[in-house]
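Take 5 as the starting number for the sequence shown in our numbering and just add one per residue. Cβ atoms here follow ideal geometry from the backbone N, Cα and C, with glycine treated the same way.
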Amino acid sequence: MNILAFGPNGSGKGTQGAIVKEKYGLDHIESGAIFREHIKGGTELGKKAKAFIESGDLVPDEITIPMVLETLAKSKDNGWLLDGFPRSLAQAEALDKALKESGMALDYVIEIQLDRDIAKERIMGRRLCANDNNHPNHIAFEAIKPVEKDGKLVCRVCGGELSARADDQDEEAINKRHDIYYDDKTGTMAAVNYFKNKGDVKVITVDGSKAINEISEEIMSQLD
Ligand code: AMP
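See the structure below:
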């Protein structure tokens, strides 16, 4: 099963992606997380991407598109859930073309809709687990609240160290990322509409303001 997950930063897309990935044994491919791994590992790609990511700009397509397509090509048999890509109409067209050429089918598009102001508020409270990117933690959500250990907040799943992403604490970077997401001419909403309008893929649209478990139940009930 191959799935594209869309939703503005802060909509709970990563949290829902982790739940779906777990249930169906999919590869959870997150373009932003791949970039962060490269930065952490000090690779050439990481060095090239760093400044763009810190400021909330898109990493150029000549770096991003091959990186994501290579990861997709290596994914395992159960399929993948792709999160963070495509983020523009040009990336949507490149992905569509690559899928056709490789004979890979796209089965579902999940779109988590959320008002921009609420999404912005939520971004600042999320925390990254040092051990596993699929351990969502958020200081404002009971269901995924970090736990306290020795006077410090740690990952609620594994007790790992938590950090906040620099681009999640920078209002300008958040605004830039949302400008790109909500742009329906050439940005991410244009990519969402590109796949919606193709008509050959099932679209699951959910309201991101609902509770985490309500959203995941709604998504699961529509996945075969
Ligand atoms: P995310 O973790 O999805 O919020 O992504 C973090 C950052 O990585 C973004 O703000 C971009 O700088 C970069 N990035 C992630 N995915 C893409 C993409 N599809 N195209 C260009 N840049 C990306």
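In the same chain as ALA96, and ignoring 5 residues on each side of it, the C-beta atoms closer than 7 Å to its own belong to PRO90, ALA195, TYR198 and PHE199, in chain order. The region 52-72 and the region 178-191 touch, with three or more beta-carbon pairs separated by less than 8 Å. The three-state reading of DSSP puts THR209 in strand, counting E and B together. The Cβ-Cβ distance between ASN6 and LEU110 falls below 8 Å. The count of Cβ pairs closer than 8 Å, one atom from the region 153-161 and one from the region 211-222, stays below three, leaving the stretches out of contact.
The region 55-129 contains, as complete alpha helix (DSSP H) runs of 4+ residues, the segments 65-77, 93-106 and 120-127 (chain order).
Under the 8 Å Cβ criterion, the region 114-131 does not count as touching the region 47-56, having fewer than three qualifying pairs.
Pairing GLY88 with GLY36 gives a Cβ-Cβ distance under 8 Å.
In the structure shown, ASN217 adopts helical secondary structure according to DSSP, grouped into three states. Remark: the C-beta of LEU166 is outside contact range of the ligand AMP, defined as less than 7 Å to any heavy atom. If you draw a 10 Å sphere on the C-beta of ILE122, you find fewer than 16 other C-beta atoms in it, and that means exposed.
In terms of Cα proximity to THR68, the closest of GLN20, SER79 and PHE39 is PHE39. Membership of LYS149 in any beta strand (DSSP E) is not indicated, and neither H nor E is assigned to it by DSSP.
In terms of Cβ geometry, SER225 and LEU118 do not form a close pair [threshold 8 Å].
Contact between ASN141 and ILE148 is confirmed by a C-beta separation of about 6 Å, below the 8 Å threshold. Remark: the shortest separation between the CB of VAL161 and any heavy atom of the ligand AMP does not fall under 7 Å. The alpha carbon of GLY107 has as its nearest neighbour, out of LEU76, GLY18, ALA94 and ASP31, the alpha carbon of LEU76. Cα atoms of ASP188 and LYS153: separation of roughly 44 Å, rounded to the nearest angstrom. Taking 7 Å as the cut-off, the C-beta of ALA96 does not count as close to any heavy atom of the ligand AMP. A heavy atom of the ligand AMP is found nearer than 7 Å to the CB of ARG181. The three-state secondary structure of ALA168, taken from DSSP, is coil.
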